[in-house]
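Quick note, the sequence shown lines up with residues 1 to 151 if you use full-length UniProt numbering.
Backbone N, C-alpha and C fix where the C-beta goes; we use that ideal spot for every residue, glycine too.
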Amino acid sequence: MHCPFCRHPDSRVIDSRTSDDGLSIRRRRQCPECGRRFSTVETASLTVVKRSGVAEPFSREKVAAGVRKACQGRPVTEDDLAMLAQQVEETLRGTGASQLETNDIGLAILGPLRELDEVAYLRFASVYQAFDSLEDFEASIAQLRADHGRA
Ligand SMILES: [Zn+2]
1 MHCPFCRHPD SRVIDSRTSD DGLSIRRRRQ CPECGRRFST VETASLTVVK RSGVAEPFSR
61 EKVAAGVRKA CQGRPVTEDD LAMLAQQVEE TLRGTGASQL ETNDIGLAIL GPLRELDEVA
121 YLRFASVYQA FDSLEDFEAS IAQLRADHGR A
């Protein structure tokens, strides 16, 4: 974000606040060059409605954070996570829906995560799809094997 005063190409966020309806974020920023402050308002056309009924703007960072846990100890870089989050956002925007549920996001993560790392995929799926037995894991692994055979 350019500083509107001196055009310095960078600025520091000093405060962000989500509006009451959860549909926009107001950020207070400070220019590291001239020290002046300004605010920006970001409106999210993509809204996530949580199980509690609370709406919040879609956040790639939250997608990455959710996936990061499943990727612990796996050869997955921050760049991979950023790309995955971007892919997820594009998929969700591609549906044309402006309101999503947490479930929709989990579903959109499964595909690209499977491409990225199958172990992380199994971990994520086990939480997201609430695997509660070894059979659930076996079924998923069998599915992965079958797909490998086809490829
Ligand atoms: Zn400035």
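I want to check one thing, is the minimum distance from the CB of residue i to the heavy atoms of ligand 1 below 7 Å?
i, result
"Arg37", "no"
"Cys3", "yes"
"Glu33", "yes"
"Cys6", "yes"
At which residues does the beta strand (DSSP E) containing residue i begin and terminate?
i, result
"Ala55", "55 to 57"
Under the DSSP definition of a beta bridge, which residues are partnered with residue i?
i, result
"Ile25", "Thr18, Glu42"
"Thr47", "Pro57, Gln99"
"Arg12", "Gln30"
Between the options, which has its C-alpha nearest residue i's C-alpha?
i, options, result
"Arg68", "Met1, Ile109, Asn103", "Ile109"
"Arg17", "His8, Arg145, Arg28, Ala130", "Arg28"
"Gly96", "Leu46, Gly106, Asn103", "Leu46"
"Leu116", "Arg74, Arg93, Gly149", "Arg74"
"Val41", "Val13, Glu135, Phe5, Glu118", "Val13"
"Gln87", "Leu107, Phe124, Ser19, Phe38", "Leu107"
"Arg145", "Gln129, Ser133, Val119, Asp132", "Val119"
"Ser24", "Val48, Gln72, Glu90", "Val48"
"Arg36", "Thr77, Asp10, Gln143", "Asp10"
"Arg93", "Ser39, Ser59, Phe124", "Ser59"
"Val127", "Ala55, Cys71, Cys6", "Cys71"
For the alpha helix (DSSP H) containing residue i, list its first residue and its last residue.
i, result
"Glu90", "78 to 94"
"Gln143", "134 to 150"
"Glu33", "Careful: Glu33 lies outside any alpha helix (DSSP H) and carries neither H nor E."
"Phe124", "118 to 128"
The stretch 79 to 90 in contact with the stretch 56 to 64 per 3-pair CB rule at 8 Å: Judged by Cβ distances under 8 Å, the stretch 79 to 90 makes contact with the stretch 56 to 64, as three or more pairs qualify.
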